[in-house]
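The block underneath contains the structure these notes are about, expressed in structure tokens.
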Amino acid sequence: MPLISRRRILAGALASPLAALPHKEAAAAPAPAPALKTLAAARGITYGCAVAAPQILEPDDFTALVLRETALVVPENEMKWADMNDGPGRDDYSLGDAMIGFARAHRLAFRGHNVLWYWRTPGWFQELPDRKSAEAAMLRRVEAMVARYRGRIHSWDVVNEPLNPADGRPDGLRKAVFLEQIGPEYLDLAHHAARAADPHARLVVNEYDVEYDLPEHDAKRAAVLRLIERMRAKGTPVDAVGIQAHLSVRRWPFSAIKLRQYLADLAALDLEIQITELDVTDELAPADIAERDRLVAEEYARFLAVALDEPAVKLLTTWGLSDRHSWIVRHETNDMKWRKDGLPSRPLPFDAALARKPAWDAMAGALRAAPQRQVG
Ligand code: G3I
32 MPLISRRRIL AGALASPLAA LPHKEAAAAP APAPALKTLA AARGITYGCA VAAPQILEPD
92 DFTALVLRET ALVVPENEMK WADMNDGPGR DDYSLGDAMI GFARAHRLAF RGHNVLWYWR
152 TPGWFQELPD RKSAEAAMLR RVEAMVARYR GRIHSWDVVN EPLNPADGRP DGLRKAVFLE
212 QIGPEYLDLA HHAARAADPH ARLVVNEYDV EYDLPEHDAK RAAVLRLIER MRAKGTPVDA
272 VGIQAHLSVR RWPFSAIKLR QYLADLAALD LEIQITELDV TDELAPADIA ERDRLVAEEY
332 ARFLAVALDE PAVKLLTTWG LSDRHSWIVR HETNDMKWRK DGLPSRPLPF DAALARKPAW
392 DAMAGALRAA PQRQVG
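Under our numbering, think of the first position of the sequence shown as 32, with each following residue one higher.
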């Protein structure tokens, strides 16, 4: 995000005291149903959602909804390295600071997303001349980021999406910038540095393509398990595995048996499991809104019935909260998931007018049916 936008958002945040949400909040529909965070907490699960800075720092009725429904927020983009860096050593923490400040003021937990992600790594890093300088730059990033928010982060995605078995390496690691610049040990180095910088934050390996019954998903699940076993054998700290869960209706086959087995295998490694980025896109559903919402809700229900049945799943985060704000509606990446008829997608539990959708009912039903677990 350009620095000018950061300044505008921060100026807006200062101009509108966070305690004084606009009257729209009072005008929002009364809440006859419990909040998702309440249903989740009753089972020992933390429920949260991804937010972008303006959505919480320029308070409106959506901000009020976040405060009503969630117990945790995660910044959608503001902490990604390339999004906050303007050259070597030139990091802008202002939005991250403001978002954490908001979370603390409202007693929300905060997930860190993410320290390292090949996709959002500054261009200059890729130009570094040798392994030594790349390792030093990576460690400076990890140490600076994690230490800055020490004691205030629920969990950190330390290396986002480190695996890609399709790249053909026996260890399943993704052939991308950190591996190429530093070597496979970059992941262990990053986790050790993160632990040293904040001993309290859970350290998470966050992956996608582990949800469905496809050969690539079988391979990714196996690769995650092998990676964790290797990290454990080497004494590399890792506390949790994230399942992103960007789901779609009518697209891929689902196997409750395979998902259940994956969760059980992770739990057997004494890991916490986090559902980190849940949403359900409707690009293959008909235009009719009622039918779309029904299919989306079915997909939420089908996935969550299995996922929340595993007591090691302690965190559930949706990638957004209302269809008003979603990366899919904004058409940012992954064009496969955009509707071809131009209608806005409806991937989240609340619609753009902030009314509960069948997806909300599906989430509430799954939370109510989930077994009680120990609070993480
Ligand atoms: O900030 C600029 C803005 O200044 C500019 O005017 C606008 C015009 O295109 O672009 C804005 O940046 C966009 C940014 O989102 C903020 O909205 C980028 O183009 C866009 O690529 C970026 O997309 C994000 C994407 O990650 C890549 O970082 C999505 O919002 C975000 O939802 C998505 O999240 C990822 C998770 O981090 C990891 N797992 C997958 C998930 C979905 O792709």
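Where is the CB? At the ideal position from N, CA and C, for every residue including glycine.
Residue from Arg233, Pro378, Gln305, Leu159 with nearest C-alpha to valine 280:
Pro378
On a Cα-Cα basis, can you pick out the residue from Pro389, Leu170, Pro342 that is closest to aspartate 354?
Pro389
Excluding five sequence neighbours on each side, which residues of the same chain lie with their C-beta closer than 6 angstroms to the C-beta of alanine 401?
Arg74, Leu339
Between the CA atoms of alanine 197 and tyrosine 149 - distance to the nearest angstrom
The straight-line gap from Cα to Cα measures roughly 16 angstroms.
Could you give the residue range of the beta strand (DSSP E) that holds glutamine 305?
Segment 303-312, the beta strand (DSSP E) holding glutamine 305.
Any non-hydrogen atom of ligand 1 within 7 angstroms of glutamine 403 CB
Glutamine 403 Cβ: outside cutoff for every heavy atom of ligand 1.
For threonine 267, is the classification buried or exposed, using 16 other Cβ atoms within 10 angstroms of its Cβ as the cut-off for buried?
buried
Enumerated in chain order, which unbroken segments of the beta strand (DSSP E) with a length of 3 residues or greater are wholly contained in the region 319-365?
Runs of the beta strand (DSSP E) inside the region 319-365: 344-349.
Which whole-angstrom value is the C-beta distance of aspartate 202 and proline 215, which I expect to be below 8 angstroms?
6 angstroms
Stretch pair the region 267-276 + the region 230-247: three plus CB contacts closer than 8 angstroms
yes
In chain order, which continuous runs of the beta strand (DSSP E) of length 3 or greater are located wholly inside the region 266-300?
The region 266-300 is shown to contain whole beta strand (DSSP E) runs of 3 or more residues at 271-274, 277-279, in chain order.
Would you grab the beta carbon distance between leucine 170 and leucine 220 for me? Rounded to a whole angstrom, and I think it's under 8 angstroms.
7 angstroms
Beta-bridge pairing of aspartate 229 - partner residues as DSSP gives them:
DSSP output for aspartate 229 lists no bridge partner at all.
Taking only three categories from DSSP, how would you classify serine 164?
helix
Using only the alpha-carbon positions, how far apart do alanine 299 and aspartate 91 sit?
43 angstroms
Examine ligand 1 and report whether any of its heavy atoms sits within less than 7 angstroms of the Cβ of histidine 248.
no
Going by DSSP, what residues sit across from asparagine 191 in a beta bridge?
Its beta-bridge partners are Trp148, Asn237.
Among Val272, Leu352, Leu346, which has the Cα closest to the Cα of valine 311?
The shortest Cα separation from valine 311 among Val272, Leu352, Leu346 belongs to Leu352.
Could you check what DSSP says for alanine 393 in three-state terms: helix, strand or coil?
Residue state for alanine 393 is assigned as helix, using DSSP reduced to three classes.
From alanine 102 to leucine 147, what distance separates their C-alpha atoms?
C-alpha separation (whole angstroms): 25 angstroms.
Could you tell me whether the Cβ atoms of threonine 348 and glycine 118 are closer together than 8 angstroms?
no
First and last residue of the uninterrupted beta strand (DSSP E) at proline 106:
103-106
On the DSSP bridge list, what partners appear for glycine 79?
Leu103, Thr348
Let me check understanding here. Comparing Cα to Cα, which of Asn365, Phe133, Gln403 lies closest to threonine 94?
Phe133
To the nearest angstrom, report how far apart alanine 397 and serine 286 are at their CA atoms.
17 angstroms
Residues bridged to alanine 140 by DSSP?
Leu103
How long is the line joining the alpha carbons of lysine 206 and threonine 152, rounded to whole angstroms?
14 angstroms
Only counting the same chain, and skipping five residues up and downstream in sequence, which positions put a Cβ closer than 6 angstroms to that of glutamate 166?
Ile213
Buried versus exposed call for leucine 366 [16 or more other C-beta atoms within 10 Å across all chains shown]:
One detail in the question is off: residue 366 reads as aspartate in this sequence, not leucine. So aspartate 366 ends up on the exposed side.
Is lysine 111 near ligand 1, going by C-beta to nearest heavy atom under 7 angstroms?
Yes, the Cβ of lysine 111 comes within 7 angstroms of a heavy atom of ligand 1.
Identify every residue that forms a DSSP beta bridge with phenylalanine 209.
Its beta-bridge partners do not exist; DSSP assigns none.
What are the boundary residues of the alpha helix (DSSP H) that includes tryptophan 112?
Taken as a continuous stretch (DSSP letters only), the alpha helix (DSSP H) holding tryptophan 112 covers 112-115.
Identify which residue in Gln86, Ile87, Arg99 has its Cα closest to the Cα of leucine 70.
Arg99
Identified DSSP bridge partners for phenylalanine 381
Ser353, Arg387
Using a 10 Å radius around the Cβ and a threshold of 16 neighbouring Cβ atoms, would you call aspartate 265 buried or exposed?
Note that residue 265 corresponds to lysine in the displayed sequence, not to aspartate. Counting Cβ neighbours within 10 Å, lysine 265 comes out exposed, since fewer than 16 surround it.
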